[in-house]
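K.L.:
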Amino acid sequence: MLRHSDIWQAIDGLALRNGLSASALARKAGLDPTTFNKSKRISPDGKLRWPSTESVAKCLAATGSSLADFVGLVGAAKETSQPQKIPLIGLAQAGTEGFFDDSGYPVGGSWDEIPFPEVGDHHAYALEISGDSMEPLYREGDLVIVAPGAGVRRGDRVVVKTIDGEVMVKQLLRRTGRYLDLQSVNARYPNRSLMLEEVAWMHRIVWCSQ
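Just so we're on the same page, the working numbering is the position in the sequence shown counted from 1, plus 1.
Structure, rendered in structure tokens:
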């Protein structure tokens, strides 16, 4: 039996697969950014709201996905009746010792946990944004989901930690044999260029709450 939650989890999965939030997927598809908001999935009187076939078709076209891809995501949603729990800390804590191992994987018992649909990376974790250095893309209180196992390409938004313990959220401009060039999300903050030996690890952001 096809459930309301299966379809919505498939849409969330499609967004996640393309490194987007649900609202960013809607924008990419030419829809109102609030189309896929959690608050739109159930009406005020408690009736279940289903995404239209037109909106799903536009999302598939915008992401270059096929109907078979979407059906596969629906199947995955049906198999995952319970969301996984992933570690959560504040961005300001991320530079503190004891939260990550040398590979940048979350360790220790000081993390909170949040439920989240299957990310496909059992090392995935969440950071809660603080400050204004990521505005207007990320605001204080937003959660970003980070997948250490995801490949990083030019233009991706990333979390970078230096060997000195500094943690930053930037956009990857380029990576050479010696340097990592990073663009600030907020234009009021300077871009950064780091030598590779200064970088402890770099992980890709795959989703952000809106």
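All residues carry an ideal CB built from backbone N, CA and C; glycine is no exception.
The model shown is predicted, which means the values in this text are computed figures rather than measured ones.
Please tell me whether Val186 and Val170 are closer than 8 Å, where the distance is taken between their beta carbons.
P.N.:
yes
K.L.:
Taking only the alpha-carbon atoms, compute the straight-line gap between Phe101 and Arg140 and give it to the nearest angstrom.
P.N.:
24 Å
K.L.:
Beta strand (DSSP E) containing Thr163: first to last residue?
P.N.:
From DSSP, the beta strand (DSSP E) with Thr163 extends over 158 to 163.
K.L.:
If you run the structure through DSSP and keep just helix, strand and coil, what is Leu89?
P.N.:
strand
K.L.:
Do you know offhand how far Cys233's Cα is from Glu167's?
P.N.:
In the structure displayed, the chain extends from 2 to 211; residue 233 sits before or after that span and is not available.
K.L.:
What do you get for Leu68, buried or exposed, if any count of 16 or more other CB atoms within 10 angstroms of its CB means buried?
P.N.:
exposed
K.L.:
Let me check one thing: in DSSP terms, what residues is Asp148 bridge-paired to?
P.N.:
According to the sequence shown, residue 148 is Ala rather than Asp. Arg205, per the DSSP bridge assignment.
K.L.:
Gly105 to Gly47, Cα distance in whole Å?
P.N.:
42 Å
K.L.:
Are the CB atoms of Ala151 and Leu128 nearer to each other than 8 Å?
P.N.:
no
K.L.:
According to the Cβ coordinates, are Leu74 and Leu15 closer than 8 Å?
P.N.:
yes
K.L.:
Measuring only the C-alpha atoms, how far is Ile146 from Ala125?
P.N.:
7 Å
K.L.:
What residue does the beta strand (DSSP E) around Ser194 start on, and which one ends it?
P.N.:
193 to 196
K.L.:
For the alpha helix (DSSP H) holding Glu129, just list the boundary residues, first then last.
P.N.:
DSSP places Glu129 outside any alpha helix (DSSP H); the residue lies instead in the beta strand (DSSP E), whose first and last residues are 126 to 129.
K.L.:
Have a look at Ser82 and Phe117 and give me their C-alpha separation to the nearest angstrom.
P.N.:
For Ser82, the pLDDT reaches just 48, beneath the cut-off of 50, and the residue's location in the model is therefore unreliable, although a value from the coordinates is still provided. Taking the straight line joining both Cα atoms gives about 12 Å.
K.L.:
Identify, in the order they occur along the chain, each residue of the same chain with its Cβ nearer than 7 Å to the Cβ of Gly132, setting aside the five sequence neighbours on each side.
P.N.:
Glu141
K.L.:
Within this structure, are the beta carbons of Leu174 and Gln184 separated by less than 8 Å?
P.N.:
yes
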